[in-house]
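Peer 1:
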Amino acid sequence: MKSNTQLPDRLESLDALRGFDMFFITGGASLLASIAGLFPDSAFWQIVSRHMQHVPWDGLVHHDTIFPLFLFIAGISFPFSLAKQQEQGRSKASIYLKIVRRGMMLVLLGLVCNGLLSFEFATLRFPSVLARIGLAWMFAAIIYTSLCDRLRLKVAAIPLILVSYWLVSAYVHVPGLPSDIDPLSREGNIACYIDRTLLGAHCYRPDYDPEGILSTLPAICTALLGMLTGAFVKSAALTANRKALYLLSAGVAMSLLGWAWNFVYPINKALWSSSFVCAVAGYSLIMFALFYYIIDVRGCRRWDFYFKVIGMNSITIFMAPRFIDFRFMHHRLLDGFYSMLPEHLLPIFTDLGYMAVLWLFLYFLYRQRIFLRV
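Numbering (this note's numbering), first residue to last: 59 to 432.
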């Protein structure tokens with residue numbers, strides 16, 4: 059076990075937490091929904107089922123936390139990467155170049171996932187999950203690096219962006235619409251209007267894009283909060299036990315702030331509202347505190363291997379199902395077994411089979427030490 063006053067050589071908790079996060083989009087959400095289907099009269103399982111799909115507009119369920127938690131984790135990693143580059147004597151110009159290159163590469167991969175190579179440019183969706191991660195992380199990393207030794211300014215940037223975005227969202231009306239239209243509705247929100255106007259047919263939906271233009275601003279805060287968290291953990295000023303406690307306390311405080319802000323500015327993932335940023339930052343801090351304490355502080359690691367295999371190749375598993383037909387593969391391998399199952403258990407075992415094939419693919423890459431790094 060590592061000393062309680064020192065950081066492990068690598069934060070294994072980050073890989074495990076990233077894998078836990080990706081578990082839900084590699085079939086975990088579908089699996090839990092299928093299990094819930096066996097218990098239609100159970101209030102608990104119906105709540106679980108509701109949390110396995112996004113809310114239509116305002117509100118927050120577990121499925122809405124997957125994306126921001128991934129971005130938050132990407133932020134946590136950056137202070138460690140930056141320190142390593144600085145120790146190697148890299149210039150600021152080369153560090154900025156690497157930041158921009160990584161951000162633009164994620165944007166490009168997002169376009170490829172959206173069908174760039176089909177050459178249907180008239181309807182190609184420009185925004186994407188990967189583009190949101192790339193741009194938000196890139197701008198947050200530039201802010202963090204530019205203000206490297208000025209902690210107060212880095213912290214102050216977050217409320218400045220969040221409050222400004224709230225005021226613009228809540229009080230700037232869409233041109234040409236009556237003033238009584240709710241400015242936080244799809245029709246009346248200025249962020250949605252900008253997406254409709256500038257992106258047009260390139261939007262994910264006709265009336266807005268959940269990874270749109272203006273909503274990238276508060277997403278920068280999600281990444282920057284992760285970077286501040288990483289810098290806090292990297293600091294040697296506190297024992298690891300105390301760091302975990304402070305992270306947990308900060309997570310509770312941020313969750314309460316998001317809950318309170320929700321009364322005047324609803325939590326909304328599609329708009330990446332400021333209250334949403336606070337609420338999911340609270341969730342992310344709590345989850346990281348738990349994983350960090352259990353894995354890196356206490357050294358309890360045997361249980362996390364399944365998640366670590368996923369987390370160490372997260373970009374791969376996000377992209378691979380768009381190019382490799384894993385569903386066809388698992389049916390070819392397991393349809394004989396599925397045919398012997400009772401019908402009511404079939405959805406659960408097909409979900410398990412699909413997840414097993416995905417995980418074995420990642421395990422093969424893990425054993426070969428093949429990891430997609432951007």
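The beta carbon of each residue, even a glycine, is placed where N, CA and C say it ideally should be.
#1: Leaving aside the five residues before and after Pro241 along the sequence, list all residues of the same chain whose C-beta is less than 8 Å from its C-beta, in chain order.
#2: Go to Cys206, then tell me how far its alpha helix (DSSP H) extends in each direction, as first and last residue.
#3: Nearest to Arg263 by CA position, among Val158, Ala298 and Phe184, is which residue?
#4: Exposed or buried, what is Glu70 when buried is set at 16 or more other beta-carbons lying within 10 Å of its beta-carbon?
#5: Taking three-plus beta-carbon pairs below 8 Å as touching, is the stretch 74 to 86 in contact with the stretch 356 to 375?
#6: By how many angstroms is the C-alpha of Ala337 removed from the C-alpha of Ile216?
#7: Got a sec? Which residues, its chain only, sit under 7 Å from Ser237 by beta carbon, not counting five neighbours each side?
#8: Less than 7 Å separating the beta-carbons of Leu306 and Ala347?
#9: Taking C-alpha atoms, which residue in Ala214, His120, Ala277 and Met110 lies nearest to Ala189?
#10: Any idea which residues DSSP pairs Asp116 with across the strands?
#11: Could you tell me the distance, in whole angstroms, from the CA atom of Arg160 to the CA atom of Met196?
#12: To the nearest angstrom, how far is it from the Cα of Phe407 to the Cα of Tyr396?
#13: Taking 7 Å as the threshold (C-beta atoms), are Val415 and Leu164 in contact?
#14: With C-beta atoms as the reference, is Tyr341 less than 7 Å away from Trp224?
#15: If you check the beta carbons only, do Ala308 and Tyr350 fall under 7 Å apart?
#16: In chain order, what residues of the same chain lie with their CB nearer than 7 Å to the CB of Asp122, ignoring the 5 residues before and after it?
#17: According to the Cβ coordinates, are Leu430 and Thr374 closer than 7 Å?
#18: Of all the alpha helix (DSSP H) runs that stay within the bounds of the stretch 145 to 173, which reach a length of 4 or more residues?
#19: Report the residue from Ser293, Phe130, Ala94 and Ile83 whose alpha carbon sits nearest the alpha carbon of Ile344.
#20: Kindly indicate the opening and closing residues of the alpha helix (DSSP H) around Gly357.
#21: I'd like to check one pair, Met413 with Gly85: are the Cβ atoms closer than 7 Å?
#22: Classify Cys279 as buried or exposed, calling it buried when 16 or more other Cβ atoms lie within 10 Å of its own Cβ.
Peer 2: On the basis of the coordinates in this document:
#1: A distance below 8 Å between beta-carbons, with the five flanking residues on each side excluded, links Pro241 to the following residues of its chain, in chain order: Ser227, Ala228, Tyr229, Val230, His231, Val232, Asn247 and Ile248.
#2: Careful: Cys206 lies outside any alpha helix (DSSP H) and carries neither H nor E.
#3: Distance from the Cα of Arg263 is smallest, within the candidate group Val158, Ala298 and Phe184, for Phe184.
#4: With 16 or more other Cβ atoms within 10 Å, it is buried.
#5: The stretch 74 to 86 vs the stretch 356 to 375: in contact.
#6: Ala337 has its alpha-carbon roughly 14 Å from the corresponding atom of Ile216.
#7: The answer, listed in chain order, is His231.
#8: Yes.
#9: For the set Ala214, His120, Ala277 and Met110, the Cα lying nearest the Cα of Ala189 is the one of Ala277.
#10: Its beta-bridge partners are Asn326.
#11: Straight-line Cα distance between these residues: approximately 8 Å.
#12: Cα atoms of Phe407 and Tyr396: separation of roughly 7 Å, rounded to the nearest angstrom.
#13: With a cutoff of 7 Å on beta-carbon distance, Leu164 and Val415 are scored as not near each other.
#14: No, Cβ-Cβ distance for Tyr341 and Trp224 is not below 7 Å.
#15: Going by beta carbons, Ala308 and Tyr350 fall outside the 7 Å limit.
#16: Only His112, Val113 and Lys327 meet the Cβ criterion.
#17: Contact flag set, yes.
#18: Those alpha helix (DSSP H) runs which fall completely within the stretch 145 to 173 and span 4+ residues are 150 to 171.
#19: Out of Ser293, Phe130, Ala94 and Ile83, Phe130 has the C-alpha closest to the C-alpha of Ile344.
#20: Where Gly357 is concerned, there is no enclosing alpha helix (DSSP H), because DSSP gives it neither an H nor an E.
#21: Yes, the Cβ-Cβ distance between Gly85 and Met413 is below 7 Å.
#22: It counts as buried.
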